[in-house]
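>
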Amino acid sequence: MENEKDILQQESLREMPFSVPQGYFASLEDNLRDKVLAPKNKFNIVNVLKPAFALACSFFVIIGLGYGVIKLTNSVPQESFSEYDAIVAQVESMNPAIFEQLDDFYVEDYNASLDLTIDDIIDYFASGADDDVLYQYLASIE
Amino acid sequence: MAEDKTILELYRNGEQNQAFNLLVREYGEKLYWHIRTLVLDHDDANDLLQNTYVKAWNSLETFREDAKLYTWLYRIATNEVFTFLNRKKIINFLSISRNEATLERQLAADPNFNGDKVQMSIQKAVAKLPPKQKVVFNLRYWQEMKYEDMAEVLDSSAGSLKASYHHAYQKVVEYIKKDFDMDN
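Taken in sequence, the protein lines are chains A and B. Each residue of the first sequence is one higher than the last, beginning at 1 in our numbering. Each residue of the second sequence is one higher than the last, beginning at 143 in our numbering.
1) Hey, is G257 (chain B)'s beta-carbon within less than 9 Å of any beta-carbon in chain A?
2) From G68 (chain A) to V61 (chain A), what distance separates their C-alpha atoms?
3) Using the C-alpha atoms, what's the distance from R229 (chain B) back to V196 (chain B)?
4) What residue from B:E207, B:Q192, B:N200 and B:I232 has the CA that sits closest to T220 (chain B)'s CA?
5) Alpha carbon to alpha carbon, how far is L55 (chain A) from E168 (chain B)? Give it in angstroms, no decimals.
6) With 16 as the cutoff for other CB atoms within 10 Å, does Y124 (chain A) come out buried or exposed?
7) Of the residues A:D132, A:S140, A:L49 and A:E100, which one's Cα is nearest the Cα of I118 (chain A)?
8) Which residues in chain B have a C-beta closer than 9 Å to the C-beta of F59 (chain A)? List them in chain order.
9) Please report the residue range of the alpha helix (DSSP H) in which A293 (chain B) lies.
10) Going by CA-CA distance only, name the one from B:Y283, B:L182 and B:Q160 that's closest to Q10 (chain A).
11) For E29 (chain A), which residues in chain B fall below 9 Å Cβ to Cβ?
12) When the cut-off is 9 Å and only beta carbons count, does V196 (chain B) lie next to chain A?
13) Any beta carbon from chain A within less than 9 Å of W214 (chain B)'s own beta carbon?
14) Please work out which residues of its chain come closer than 6 Å, Cβ to Cβ, to Y216 (chain B), disregarding the five sequence neighbours upstream and downstream, and give them in chain order.
15) Taking only beta carbons into account, state which residues of the region 264-277 of chain B come closer than 9 Å to chain A, listed in chain order.
16) Tell me which residue opens and which closes the alpha helix (DSSP H) that A26 (chain A) is part of.
17) Chain B beta carbons: is any one of them nearer than 9 Å to that of K5 (chain A)?
18) From the DSSP output, which residues share a beta bridge with F18 (chain A)?
19) If contacts are defined as beta-carbon pairs under 8 Å, then L180 (chain B) and N256 (chain B) qualify, I think. What distance do you get, rounded to the angstrom?
20) Using the beta-carbon of each residue, which ones in chain C are nearer than 8 Å to Y311 (chain B)?
21) Could you give the DSSP three-state label for V166 (chain B): helix, strand or coil?
22) Give a yes or no on whether the C-beta atoms belonging to L165 (chain B) and I149 (chain B) are separated by under 9 Å.
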């Protein structure tokens, strides 16, 4: 090291002390072109909406399937009620008196069961019932 | 430069592949060496060269011809290197092994480094320079870039760059002197 200041001016030192893998510069153009000019995914509204659309479709399919299953497994179909109502309506139109009598019968019978008094019961048995039955009944209510 | 005009014409006429090929053919190797002398590692240099071309190509449309394409590319590459080195500096700061010995071992183990002892010493000396001086030294010493072009790359005046190179040169010489005194 006689003169270190001059050493940097030696031509040999100005050569790059580095090397590159074999064929690096020969393939540089192709490698860079592949990386830089590769087609990019451009913004597309269809691509953005595709997942949301698929989700909505799945939702409707599930709802549809669920509705179908409920509909198929329902043991009392709605139609049977409407058929029954139609038959009743048809009979009622043919003879309305039957329905009026039936209504009166059930209503009166029900009211009668509520208004029953002890005197009614005595009258009932007095009209021809056995004495034994009467005594048993009276013993039970005392 | 005639090539710059051709590249831009091809690009604007829609002949993108040809424009890109010419851009790489003309400046790819020079840019690689500029980056390599700053980051030293081949893989890092390759990645940064790619980033440089991606950025340059994406903004070529807005390139104004008041600057040279050549200095514009060097400017992008230098910025990429600065960003990379700053990130590396933070990582090295957090790392336990960060010293000259690490750099020496790294270069000695690098199959793509084929320099002798003096060249190893130059690399160690350059690694110790502040970032801007490092770029100025490399552009001038290895690439022999004109100060006027360098001024465009680094957005500085030719005069201050001359002074910067002079300081860097002195520091490298001093370092080599010390390095060999210690060896002897």
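All residues carry an ideal CB built from backbone N, CA and C; glycine is no exception.
Walking through what the data contain:
1) On the second sequence, position 115 is the one that residue 257 (chain B) refers to. Chain A contact via Cβ: present.
2) Within the first sequence, numbered from 1, the residue matching residue 68 (chain A) stands at position 68. Within the first sequence, numbered from 1, the residue matching residue 61 (chain A) stands at position 61. Those two C-alpha atoms are separated by around 10 Å.
3) In the second sequence, counting from the first residue as 1, residue 196 (chain B) sits at position 54. In the second sequence, counting from the first residue as 1, residue 229 (chain B) sits at position 87. The straight-line gap from Cα to Cα measures roughly 20 Å.
4) The count along the second sequence starts at 1 and reaches residue 220 (chain B) at position 78. Minimum Cα distance to T220 (chain B) is reached at B:Q192.
5) Walking along the second sequence from the start, residue 168 (chain B) turns up at place 26. Walking along the first sequence from the start, residue 55 (chain A) turns up at place 55. Approximately 51 Å, taken between the alpha carbons.
6) If you number the first sequence from 1, residue 124 (chain A) lands on position 124. With fewer than 16 other Cβ atoms within 10 Å, it is exposed.
7) Sequence index remark: in the first sequence, residue 118 (chain A) carries index 118 (1-based). Nearest of A:D132, A:S140, A:L49 and A:E100 to I118 (chain A), Cα basis: A:S140.
8) Along the first sequence, one-based indexing puts residue 59 (chain A) at 59. None at all; the shortest Cβ gap to chain B is about 40 Å.
9) What you label residue 293 (chain B) is simply residue 151 of the second sequence in a count that begins at 1. Note, A293 (chain B): alpha helix (DSSP H), Y289 to L296.
10) The sequence position of residue 10 (chain A) within the first sequence is 10, counting from 1. Out of B:Y283, B:L182 and B:Q160, B:Y283 has the C-alpha closest to the C-alpha of Q10 (chain A).
11) By 1-based counting over the first sequence, the position of residue 29 (chain A) is 29. Per Cβ cutoff of 9 Å: F162, N163, V166, R167 and G170.
12) In the second sequence, residue 196 (chain B) corresponds to position 54, counting from 1. So, interface residue.
13) Walking along the second sequence from the start, residue 214 (chain B) turns up at place 72. No, its Cβ sits nowhere closer than 9 Å to a Cβ of chain A.
14) Numbered from 1 along the second sequence, position 74 holds the residue referred to as residue 216 (chain B). Cβ neighbours of Y216 (chain B) beyond the five flanking positions: V295.
15) I264 and Q265
16) In the first sequence, counting from the first residue as 1, residue 26 (chain A) sits at position 26. A26 (chain A) -> no alpha helix (DSSP H), and no H or E assigned at all.
17) Position 5 of the first sequence holds residue 5 (chain A). Unreliable positioning characterises K5 (chain A) in this predicted model, as indicated by a pLDDT of 49, which lies under 50. A coordinate reading is not provided.
18) For this step, residue 18 (chain A) is matched to residue 18 along the first sequence. Answer by DSSP bridge pairing, in chain order: B:F255.
19) On the second sequence, position 38 is the one that residue 180 (chain B) refers to. On the second sequence, position 114 is the one that residue 256 (chain B) refers to. About 18 Å separates the two Cβ atoms, so there is no contact after all.
20) Absent here is chain C; the protein component of the structure consists of chains A and B.
21) Translated into the one-based positions of the second sequence, residue 166 (chain B) becomes position 24. Reduced to three states, the DSSP call for V166 (chain B) is helix.
22) Looking up residue 165 (chain B) in the second sequence gives position 23. Looking up residue 149 (chain B) in the second sequence gives position 7. In contact: L165 (chain B) and I149 (chain B) (Cβ atoms closer than 9 Å).
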